[in-house]
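I have placed the structure first, in the form of structure tokens, so that the comments after it can refer back to it.
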Amino acid sequence: MLHRFLCCWVGVAALLGAAANWPQFRGPGGLGVSEEQGLPAEWSSSQNIVWKTPLPGPGGSSPIVWGDRVYVTCYSGYGVSMEQPGEMSNLVRHLLAIDRRSGEVLWDRAVPAALPEQPFGGFQALHGYASSTPATDGERIYVFFGRTGVLAFDTQGQELWRTEVGTRTHNWGSATSPVLHGDLVIVNASVESGSLVALHRQDGRVVWRGGEIRAAWNTPLLLEGGAGPELVVSVQGRLLGFDPAAGQQLWQAAGIQDYVCPSVVAFDGAVFAIGGRNKPGLAVQSGGRGEVSALWTIDKGSNVSSPVYYKGHLYWAHEGQGIVYCVDAASGTLVYEQRLNPGPGRIYASAVAADDKIYYVSRENGTYVVAAGPSYRLLAHNRLEDDPSTCNGSPAICEGQILLRSNQYLYCIGTR
Numbered sequence: 075m076l077h078r079f080l081c082c083w084v085g086v087a088a089l090l091g092a093a094a095n096w097p098q099f100r101g102p103g104g105l106g107v108s109e110e111q112g113l114p115a116e117w118s119s120s121q122n123i124v125w126k127t128p129l130p131g132p133g134g135s136s137p138i139v140w141g142d143r144v145y146v147t148c149y150s151g152y153g154v155s156m157e158q159p160g161e162m163s164n165l166v167r168h169l170l171a172i173d174r175r176s177g178e179v180l181w182d183r184a185v186p187a188a189l190p191e192q193p194f195g196g197f198q199a200l201h202g203y204a205s206s207t208p209a210t211d212g213e214r215i216y217v218f219f220g221r222t223g224v225l226a227f228d229t230q231g232q233e234l235w236r237t238e239v240g241t242r243t244h245n246w247g248s249a250t251s252p253v254l255h256g257d258l259v260i261v262n263a264s265v266e267s268g269s270l271v272a273l274h275r276q277d278g279r280v281v282w283r284g285g286e287i288r289a290a291w292n293t294p295l296l297l298e299g300g301a302g303p304e305l306v307v308s309v310q311g312r313l314l315g316f317d318p319a320a321g322q323q324l325w326q327a328a329g330i331q332d333y334v335c336p337s338v339v340a341f342d343g344a345v346f347a348i349g350g351r352n353k354p355g356l357a358v359q360s361g362g363r364g365e366v367s368a369l370w371t372i373d374k375g376s377n378v379s380s381p382v383y384y385k386g387h388l389y390w391a392h393e394g395q396g397i398v399y400c401v402d403a404a405s406g407t408l409v410y411e412q413r414l415n416p417g418p419g420r421i422y423a424s425a426v427a428a429d430d431k432i433y434y435v436s437r438e439n440g441t442y443v444v445a446a447g448p449s450y451r452l453l454a455h456n457r458l459e460d461d462p463s464t465c466n467g468s469p470a471i472c473e474g475q476i477l478l479r480s481n482q483y484l485y486c487i488g489t490r
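Structure follows, in structure tokens:
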């Protein structure tokens with residue numbers, strides 16, 4: 075089994091290496107992996123910053139890249155600070171297009187929120203109202219703004235269509251990101267309607283709905299395997315595989331016995347899921363039908379941040395304990411668990427792997443760069459000293475550079 079994992083990695087590496095874009099949450103395939111080389115391990119406010127661009131408001135979403143454009147979402151008008159949250163009627167979400175070479179804002183499209191939204195406070199305040207990462211096919215940019223709906227924009231910022239996928243809210247907020255398959259835009263609207271919803275890319279009409287998506291704040295993973303495409307989502311108690319074209323459920327497995335925020339990742343047909351409590355980690359072989367069994371389980375996990383698979387190992391960070399994990403992906407054996415030093419505080423962003431490095435972004439204490447491999451080695455701890463704002467978004471990687479957003483700025487980090 076390990077031999078299959080290692081051999082298949084060569085093919086995946088070639089595919090990822092050919093993909094210059096970072097078109098969705100966690101990049102090509104939603105896996106959080108890049109084959110870029112020469113990425114910086116160290117940076118600061120005065121070192122390896124190519125440019126930084128002020129943003130019109132905070133957000134927990136990640137930037138995406140297509141060609142020379144970076145797209146990112148923010149919000150303004152309400153809930154920007156705990157001290158003065160303002161009036162909910164002023165809540166606006168933004169989609170920005172930014173020139174990747176210069177950092178210039180090319181356009182900013184503001185979308186007033188459909189009200190009432192979840193009031194600002196509690197867990198909602200930890201990430202705000204723009205936590206869904208956009209997705210793009212190069213012709214359109216698709217965003218999910220909770221009960222405001224799914225929207226499509228062209229590359230000039232013109233809104234093309236808008237479709238509501240549910241009207242419910244939750245005191246933890248909404249956070250899942252759209253994924254693209256064929257002519258479909260698929261979103262996990264667990265909060266808004268308890269369903270997966272597939273919309274047509276051209277006009278936003280509903281093509282199919284899949285129900286019983288319970289307590290799931292994670293973005294589905296699209297697998298292009300030998301058994302045919304599958305859409306996998308982790309929900310409370312179950313791991314579910316769907317036909318992404320028709321919405322038919324193909325298989326299910328016993329999963330995380332609690333609410334689920336981390337997205338799944340996959341390699342060589344094996345799907346890896348983690349959670350925070352009660353059987354928090356497992357692997358399942360995709361391609362089955364009906365009830366399938368776990369390949370392995372492990373009593374380690376994370377409530378928020380997602381894992382990343384890289385060269386035979388799984389890596390992730392616990393969101394509150396400041397511990398990072400390395401697990402052998404073939405067997406589920408724990409290779410190491412190590413507390414980051416200095417302590418990172420909370421980590422909500424999902425890890426990204428590239429250039430034999432694992433990047434962990436903390437909310438308030440910078441980015442930790444750890445060497446990929448079975449022995450823990452901290453390469454760098456990087457802080458942006460003149461930016462005290464929170465970082466919740468996962469990095470994007472393109473052409474040897476790292477795009478990282480905080481609540482105040484979008485940064486382009488690189489040596490060129």
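Quick note on my numbering: the sequence shown kicks off at 75 and runs consecutively. Think of the CB as a built atom: it goes at the ideal place given N, C-alpha and C, for glycine as much as any other residue.
Whole-angstrom distance between residue j and residue i, CA atom to CA atom
i    : j    : result
G85  : V281 : Reliability fails at G85, whose pLDDT of 39 lies under 50, so the model's placement of it is uncertain and no value is given.
P24  : K353 : In the structure as shown, the chain starts at 75 and stops at 490, and residue 24 therefore has no counterpart that could be examined.
T237 : G223 : 5 Å
F218 : W96  : 18 Å
S337 : N377 : 11 Å
T127 : G177 : 6 Å
Q359 : G343 : 6 Å
L90  : A403 : No answer about L90 holds up, because its pLDDT of 42 lies below 50 and its placement is not dependable.
Q475 : I138 : 13 Å
A87  : L105 : Low confidence applies to A87: its pLDDT is 40, below 50, so where it sits in the model is not reliable enough to give any reading.
G539 : S118 : Outside the displayed span of the chain (75 to 490) sits residue 539, for which this structure offers no information.
G302 : S155 : 47 Å
Y384 : E161 : 45 Å
R78  : R242 : Reliability of the predicted coordinates at R78 is poor, the pLDDT of 39 falling under 50, and no value is obtained from them.
G131 : A188 : 18 Å
A289 : D430 : 34 Å
S248 : C335 : 11 Å
G195 : D142 : 37 Å
Element boundaries [alpha helix (DSSP H), containing residue i]
i    : result
L200 : 198-201
S264 : 264-267
Sequence-distant residues of the same chain with beta carbon closer than 8 Å to residue i, five excluded per side
i    : result
R214 : A226, F227, D228, T229, L234, R275
Q395 : R413
C-beta atoms of residue i and residue j nearer than 7 Å
i    : j    : result
T489 : N122 : yes
R167 : V185 : yes
S136 : T147 : no
E304 : G315 : yes
L273 : I287 : no
S512 : S424 : With the chain covering only 75 through 490, there is no way to say anything about residue 512.
A428 : I487 : no
L478 : P469 : yes
G202 : Y145 : no
F346 : A328 : no
R221 : E157 : no
L408 : V398 : no
I421 : E393 : yes
G284 : G321 : yes
L484 : L180 : no
Sequence-distant residues of its chain with Cβ nearer than 6 Å to residue i (five each side left out)
i    : result
G355 : I348, I372, K374, G375
S480 : D461, S463, C465
P418 : G396, S436, N439
W246 : F197
R183 : L169, G231
Y216 : A209, A226, P252, V259
H255 : L296, P318
V451 : It is worth fixing the name first, because residue 451 is Arg in this sequence and not Val. Excluding sequence neighbours, R451 sits near A445.
G212 : W140
Other residues of its chain near residue i: CB distance less than 7 Å, five sequence neighbours each side excluded
i    : result
N164 : G151, Y152
W325 : G315, G362, R363, G364, V366
First through last residue of the beta strand (DSSP E) which encompasses residue i
i    : result
D460 : From DSSP, D460 is part of no beta strand (DSSP E); its letter is neither H nor E.
G355 : 355-359
D182 : 179-186
C400 : 397-402
A499 : It is not possible to answer for residue 499, since the shown part of the chain is limited to 75 through 490.
V444 : 441-445
H255 : 253-255
R312 : 312-316
P102 : Taken as a continuous stretch (DSSP letters only), P102 belongs to no beta strand (DSSP E), as it is neither H nor E.
C335 : Segment: none, C335 is in no beta strand (DSSP E) and carries neither H nor E.
Y410 : 408-413
V281 : 280-284
S150 : 143-150
E471 : Reading the sequence as shown, one finds Ile at residue 471 and not Glu. I471 -> beta strand (DSSP E) spans 470-472.
Stretch-stretch touch, CB-based, cutoff 8 Å, three pairs: the segment 251-271 with the segment 288-308:
The segment 251-271 vs the segment 288-308: in contact.
Could you tell me whether the segment 445-454 touches the segment 96-113, using the rule of 3 or more Cβ pairs below 8 Å?
Not touching, per the Cβ criterion.
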